[in-house]
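These notes are about the structure you will find just below.
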Amino acid sequence: MRHLKGIAAALIGTLLASTTLCAAEVKVGVIQSQTGPAAFLGVAAANGIRVAIDVINARKMAGENVTLVADIADDASDRGQSISLFERYARDPKVLAVLGPSTGAIAGATAQAANQLSMPMYTLTNLNAVVKAGPWSFMGTQPGQVAIPNLANFAVEKLGVKKCAVTELLDNESYILQRKIFSELVAAKGVAITSVSSIKLSDTDYSAAATRIASEGVDCVFLAVPAAAGANFVLQLRQAGLDPKAKIVGMTVLAADEFIKVGGKAVEGTYVLTDWVPGGSNEEGKAFYDAFKAKYKVEPDIWAAVGYTLATVFANAVKSAGDNPTRESVKAAMTTTKDVPVIIGTGKYSFELDTRIPLYGNSILTVKNGAFVQAP
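To convert a position in the sequence shown, counted from 1, into my numbering, add 102.
Here it is, written out as structure tokens:
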């Protein structure tokens, strides 16, 4: 009888231990573009998230007894596929949130799904429509109204530009907004805007726009286009005879390895906004740089760093949500995110309480000898 009681006690203990283990596992869905036009963002971001998950679990950053488990899926840079993946995660009660998608061209529609399904979504992009969709969707990077003023001030006050042509991507609302903000800010400081060139993601021949810009006598060109398109645009500007002294400046999406790989010598001397300083700007950033390079044999770019940051901020929300976190409690904890230590910007990440807009600062890089370095 005592033997049977002992066996029963052991079985109960095993079941309790198993229940505790399962409760301690927090599953997060990750929708990042591993293929298609947005892969230059999504691949790096997914790898950054993987590195972050290892660090978070090793340091117990999501809670003393919590283990984060990431389920990473590829939306192929497709809006319909992103929504389908999101719906799949929402049906899985073990998934508490989704980190993704990668781009604003997809995130707006996916944010609508997130709010219909009451599932926290934390996207890489800075599309304002994400937070406007409802309380369940969060943008991961600073929108144009927060990020662009630093670049506009730099262009006018440091570079001394007087006459600027601007270029935007029509496929993405966020890119259009950032072009408008830059134009308005520099115009208010006396800079003449000579022309607005609008391109599509499917375009490859920019010669007409490049020739027109080169003939306008500008000393500045602003690019609100993705990395590969931006690099090709610069190449064609050079071929069209753009004044070599003209300053080329652009938004954070250009601060990717692809910009230099595609543009080569043509992008030397360009200036781009960035959330990430190559090599890391603080001790945590330097540790991330070393860990990422050791794991993937390449240096992390801005999108790897942002992916790492999204996972870090999410882990903080899980910890703040307390024991047995739910989708609702994680959403509430995300909303009150304040001064979370991160590797991007100035090192502290917060959501503005009323708007849920991320705030963390940024800096400016220039391309020198085929690499990004901090602008003087």
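All C-beta atoms, glycine included, are put in the ideal place defined by N, C-alpha and C.
Same chain only: Cβ atoms within 6 Å of E270, ignoring 5 sequence neighbours per side: Contacts found: Y277, I278, R281, S300 and A326.
In whole angstroms, what separates the C-alpha of T306 from that of E370? Roughly 21 Å separates the two Cα atoms.
Rounded to whole angstroms, what's the CA-CA distance from K363 to M221? Just pull it up for me. Computed Cα separation, rounded: 38 Å.
Just to confirm before moving on: does the CB-CB distance between Y410 and A249 stay below 7 Å? Against a cut-off of 7 Å, the Cβ pair of A249 and Y410 comes out as no contact.
Specify whether the segment 127-135 and the segment 178-193 touch according to this definition: at least 3 beta carbon pairs, one from each stretch, less than 8 Å apart. By the criterion of at least three beta-carbon pairs nearer than 8 Å, the segment 127-135 is in contact with the segment 178-193.
Check whether the Cβ of Y308 lies closer than 7 Å to any Cβ atom in chain B. The structure shown contains no chain B; it holds only a single protein chain.
Among residues of its own chain, excluding the 5 on either side of A316, which ones have a beta-carbon nearer than 6 Å to its beta-carbon? Hits under 6 Å: A342, G343 and L344.
Between the alpha carbons of G382 and V355, how many angstroms are there, rounded? When rounded, the distance between both Cα atoms is 18 Å.
Taking the alpha-carbon of G210 as reference, which of E275, D403, S452 and V336 has the nearest alpha-carbon? The residue with the shortest Cα to Cα distance from G210 is E275.
Whole-angstrom Cβ separation of I466 and F256, contact assumed at under 8 Å? Going by Cβ atoms, the distance from I466 to F256 rounds to 5 Å, so yes, they are a contact pair.
Do you know how far the Cα of D425 is from the Cα of F474? Across the structure, F474 and D425 are spaced so that their CA atoms are roughly 43 Å apart.
From N384 to G449, what does the alpha carbon distance come to, in whole angstroms? A direct Cα-Cα distance of roughly 7 Å separates N384 from G449.
Rounded C-alpha distance that separates G463 from G352: So the alpha carbons of these two residues sit roughly 16 Å apart.
Ignore the nearest five residues each way along the sequence and tell me which others in V420's own chain have a CB closer than 8 Å to its CB. Within the same chain, and ignoring the five residues on either side of V420 in sequence, the residues whose Cβ sits closer than 8 Å to its Cβ are V128, A164, G165, V168, L170, L198, P427, V432 and A435.
State buried or exposed for P380, treating a residue as buried only when at least 16 other CB atoms are found within 10 Å of its CB. In this structure P380 is buried. Its beta-carbon is surrounded by 16 or more other beta-carbon atoms within 10 angstroms.
How many angstroms separate the CA atom of G236 from the CA atom of Q214? Rounded to whole angstroms, G236 to Q214 spans 8 Å at the Cα level.
Taking the beta carbon of S285 as the centre, do at least 16 other beta carbons fall within 10 Å, making it buried, or is it exposed? Under this definition S285 is a buried residue.
Quick one, are the C-beta atoms of D177 and P139 less than 7 Å apart? No, these two residues do not count as a Cβ contact at 7 Å.
Please name the residue in S304, K302 and C266 whose C-alpha comes closest to that of L287. Checking every option, the nearest Cα to that of L287 belongs to C266.
Does the beta-carbon of A423, which I'm using as the reference point, lie nearer than 6 Å to any heavy atom of the ligand MG? Inclusion of the ligand MG in the displayed structure is not the case, the ligand content being empty and no account of it being possible.
Expected contact under 8 Å - CB spacing of L143 and T205 to nearest Å: Contact holds; Cβ gap of about 6 Å.
For Y308, the first and last residue of its enclosing alpha helix (DSSP H): Judged by DSSP secondary structure, Y308 falls outside any alpha helix (DSSP H); it is assigned neither H nor E.
With R458 and V233 assumed to form a contact (beta carbons below 8 Å), what rounded beta-carbon distance in angstroms separates them? The distance from the Cβ of R458 to that of V233 is about 5 Å, consistent with a contact at the 8 Å cut-off.
Residue burial classification, E454 (beta-carbon count within 10 angstroms, cutoff 16): With fewer than 16 other Cβ atoms inside 10 Å of its own Cβ, E454 counts as exposed.
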